[in-house]
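Asker:
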Amino acid sequence: MRTTAELRRLWSPACDFTKRTFTMYSGATLRGLNSVALDAFQALDGVMRTFNYVPRANSPGAWETGAYNCRKITSGTGYSLHAYGIAADINARTNPYGKALITDMPVAMVMAAKGIKTTEGAQVFRWGGDYRSVKDAMHYEVVASPSELAAGIDWASVTAEPPNQNDPRTWPKLRKGDKGPSLTRLNELLEAAGFPDTNPTSFGTKTSAAVRSYQTSRKLDVDGIVGLQTWTSLLNDMPAIAESDPSPFKIEVHSRPERPMVKTGSKGSVVEELQRRLLDEGFDPGPLDGVFGRKTKTAVIAVQKANGLEPDGIVGKLTWRAVLG
Ligand SMILES: [Zn+2]
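Residue numbers for the sequence shown follow numbering that gives the first Met the number 0, so the first one is 0 and each next one is one higher.
1. Out of curiosity, what's the CA-to-CA distance linking Asp44 and His81?
2. Please list the terminal residues of the continuous beta strand (DSSP E) segment that includes Tyr78.
3. Between which two residues does the alpha helix (DSSP H) holding Asn90 run?
4. Is the CB-CB distance between Tyr52 and Met110 below 8 Å?
5. For Glu5, collect the residues of the same chain with a Cβ closer than 8 Å to its Cβ; drop the 5 residues on either side in sequence, then sort them by chain order.
6. Measuring CB atoms only, is the segment 54 to 61 touching the segment 124 to 135, in the sense that at least three cross pairs come out at less than 8 Å?
7. With 16 other CB atoms within 10 Å as the buried threshold, where does Ala149 fall?
8. So, for Cys14: in the same chain, excluding its five sequence neighbours on each side, which residues have a beta-carbon less than 6 Å away from its beta-carbon?
9. Please report the distance separating the alpha-carbon of Leu29 from that of Phe40.
10. Check whether the Cβ of Asp153 lies closer than 7 Å to any heavy atom of ligand 1, and answer yes or no.
11. Tell me, please, which residues DSSP counts as bridged to Gly267.
12. Measuring straight from C-alpha to C-alpha, what distance separates Arg1 and Leu219?
13. How many Å lie between Leu32 and Leu173 at the Cα?
14. Decide if His253 is buried, meaning its Cβ has at least 16 other Cβ atoms within 10 Å, or exposed.
15. If Leu273 and Val314 are in contact, beta carbons under 8 Å, what's the gap, nearest whole angstrom?
16. Looking at Phe202: is its Cβ nearer than 8 Å to the Cβ of Gly226?
17. Does DSSP put Thr28 in a helix, a strand or coil?
18. What does a CB cutoff of less than 6 Å around Arg48 pick up in its chain, not counting 5 residues either side in sequence?
19. If the criterion is Cβ atoms closer than 8 Å, does the pair Thr64 and Ala36 meet it?
20. Could you pull the start and end residues of the beta strand (DSSP E) that Val141 belongs to?
21. Say yes only if the C-beta of Gly97 is nearer than 7 Å to one or more non-hydrogen atoms of ligand 1, and no if none qualify.
22. For Glu147, collect the residues of the same chain with a Cβ closer than 7 Å to its Cβ; drop the 5 residues on either side in sequence, then sort them by chain order.
23. Can you name, in chain order, every residue of its own chain whose Cβ lies under 6 Å from the Cβ of Arg276, other than the five neighbours on each side?
24. What residues in its chain sit with their C-beta under 6 Å from that of Asn165, if we drop five residues either side in the sequence?
25. Quick check on Val106: does DSSP put it in helix, strand or coil?
26. Could you tell me the distance, in whole angstroms, from the CA atom of Thr318 to the CA atom of Gly264?
27. Of all the options Phe21, Ala305, Glu280 and Leu234, which has the alpha carbon lying nearest to the alpha carbon of Pro105?
28. Run the proximity test for Ala298: is its beta-carbon closer than 7 Å to any non-hydrogen atom belonging to ligand 1?
29. For chain B, is any of its Cβ atoms less than 8 Å away from the one on Glu309?
30. Quick one: measure Cβ to Cβ for Val270 and Val290, integer angstroms, because I've assumed they're closer than 8 Å.
31. Consider the C-beta atom of Ala86 and the heavy atoms of ligand 1; say whether any pair is separated by less than 7 Å.
32. Would you say Gly127 touches ligand 1, meaning its beta carbon is less than 7 Å from a heavy atom?
33. Would you mind giving the Cβ-Cβ distance between Gln214 and Thr200, rounded to the nearest angstrom? I have them listed as a contact below 8 Å.
34. Thinking C-alpha only, which one of Thr231, Ile152 and Asp153 is nearest Leu189?
35. Would you say the beta carbon of Met260 is closer than 7 Å to some non-hydrogen atom of ligand 1?
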């Protein structure tokens with residue numbers, strides 16, 4: 000597999016290439032994609048559609064899905080692959096960046112995405128959830144070269160197996176009378192959202208009432224049926240999924256802690272996490288030693304400038320949001 004450095008070389012220059020906007024089947028847009036890689040993202044979109052996985056569009060205050068970002072380096076670590084128009088982030092809120100893998104992407108779908116090939120057999124995508132250090136489940140990046148992509152996508156490799164209707168990962172449409180593992184997942188999510196179903200063994204009147212209350216509270220279409228819109232909203236409410244469970248709907252009992260404010264002189268694992276994230280984003284924080292020193296501050300200021308934030312070198316809520324993506 001190619002390294003990020005090799006991909007930067009193959010796809011250079013950063014930021015300066017023919018950019019295209021691609022609208023995914025769900026309506027979410029990927030802006031600033033490299034025109035050479037457009038087919039690759041169309042293939043990725045095809046896989047997501049096959050699995051009924053809905054890339055969400057951005058709304059005010061909720062950044063979810065995007066592609067291009069021209070981030071300048073402060074020293075030799077290079078640009079993020081987003082700066083070459085060959086990476087996309089999908090559904091950031093339910094696929095957060097962090098030490099543990101948290102994702103609502105079905106395993107089979109991720110495998111299908113990684114199975115997309117060119118006509119000459121080159122793998123097209125790598126998934127950020129497979130990163131060895133910090134996991135970036137929202138992130139898909141092209142690992143084929145421009146000339147490999149020029150051979151064209153092997154569209155036969157894009158047709159994944161249709162999802163198994165008994166598998167809760169397929170987010171089946173649930174309505175009155177339904178039973179089974181999907182209903183168990185639904186009950187867990189409803190309960191976590193504060194709308195417990197008092198008779199959870201089959202989808203009856205009580206389940207329907209709980210679903211309607213939930214839909215009303217979230218301003219969804221109120222029909223008492225659990226389709227993609229309701230599944231997606233439930234996952235937004237309770238996105239955390241543990242790494243050990245291969246199914247996508249697992250409730251994490253404790254919500255992820257807010258990151259504390261850190262600045263010059265701060266120490267510890269949270270500073271190390273910040274440094275790793277800075278490095279991944281192409282900013283040089285100095286050694287990954289968990290000590291917030293001069294170089295880390297310089298990198299933080301660069302990130303703040305790149306994101307239009309007050310460049311004070313102090314990492315509070317807004318700067319954390321910027322670096323965690
Ligand atoms: Zn990304």
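Ideal Cβ positions, reconstructed from N, Cα and C, are used throughout, including at glycine.
Answerer: Working from what's here:
1. 17 Å
2. Tyr78 -> no beta strand (DSSP E), and no H or E assigned at all.
3. Per DSSP, Asn90 lies in no alpha helix (DSSP H) and is assigned neither H nor E.
4. no
5. none
6. no
7. exposed
8. If we look at Cys14 and ignore the five residues flanking it on each side, its Cβ neighbours are Cys69 and Ala82.
9. 9 Å
10. no
11. Beta-bridge pairing links Gly267 to no other residue.
12. 43 Å
13. 36 Å
14. Caution is warranted here: a pLDDT of 32 is assigned to His253, below 50, making its placement in the model unreliable, and the coordinate value is therefore given only provisionally. The residue is exposed, with fewer than 16 neighbouring Cβ atoms inside 10 Å.
15. Rounded, the Cβ-Cβ distance is 6 Å, consistent with contact.
16. no
17. strand
18. Tyr24
19. no
20. Following the DSSP letters along the chain, one finds Val141 inside the beta strand (DSSP E) bounded by residues His138 to Val141.
21. Of the heavy atoms belonging to ligand 1, none sits nearer than 7 Å to the Cβ of Gly97.
22. Thr117, Glu119 and Ala121
23. Val322
24. Only weak support exists for where Asn165 lies, its pLDDT of 45 falling under 50; the value from the coordinates is given anyway. Excluding residues within five positions, none has a Cβ falling inside 6 Å.
25. helix
26. Thr318 and Gly264: Cα-Cα distance of roughly 17 Å.
27. Leu234
28. Answer for Ala298: no, Cβ out of range of ligand 1.
29. No chain B is part of this structure, which consists of one protein chain only.
30. 6 Å
31. yes
32. Yes.
33. Wrong, their Cβ atoms sit about 22 Å apart, outside the cutoff.
34. Thr231
35. Flag unset: Cβ of Met260 not near ligand 1.
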